[in-house]
Amino acid sequence: MHTTEFDTTLPSIRQLQNLIKQAAVIEFKLVTGDLLTGKVSWQDPNCVCILDANNQQTTIWKQAIAYFQPKS
Numbered sequence: 060m061h062t063t064e065f066d067t068t069l070p071s072i073r074q075l076q077n078l079i080k081q082a083a084v085i086e087f088k089l090v091t092g093d094l095l096t097g098k099v100s101w102q103d104p105n106c107v108c109i110l111d112a113n114n115q116q117t118t119i120w121k122q123a124i125a126y127f128q129p130k131s
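In our numbering, the protein residues as written are 60 to 131.
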């Protein structure tokens, strides 16, 4: 498994950290075309964990994410 150091100077890491602090609801579009929505619980160098409306945890590999954005 490829692991890199968690670099908080990267804009994408900072953006996601800010959304975690705001407890914002985020839409994640995956490379498979699936759309997942929830609040980000945590992130590490490889994965992001989101909580859906029922507090169900889903862990997403970062390589599977096409894009993410705050839900409007």
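We put the CB at the ideal spot given by N, CA and C, even for glycine.
What you are looking at is a predicted structure, and each value in this text was computed from that prediction instead of being measured.
- When the Cα atoms are used, CYS108 and GLN115 turn out to be separated by approximately 10 Å.
- Per DSSP, PRO70 lies in no beta strand (DSSP E) segment; the continuous alpha helix (DSSP H) that holds it begins and ends at 70-81.
- Per DSSP, GLU86 is one residue of the beta strand (DSSP E) stretching across 84-89.
- Going by DSSP, THR67 is part of no beta strand (DSSP E) at all; its letter is neither H nor E.
- Ranked by how close their Cα comes to the Cα of LEU89, the residues LYS130, ALA123, SER131 have ALA123 in first place.
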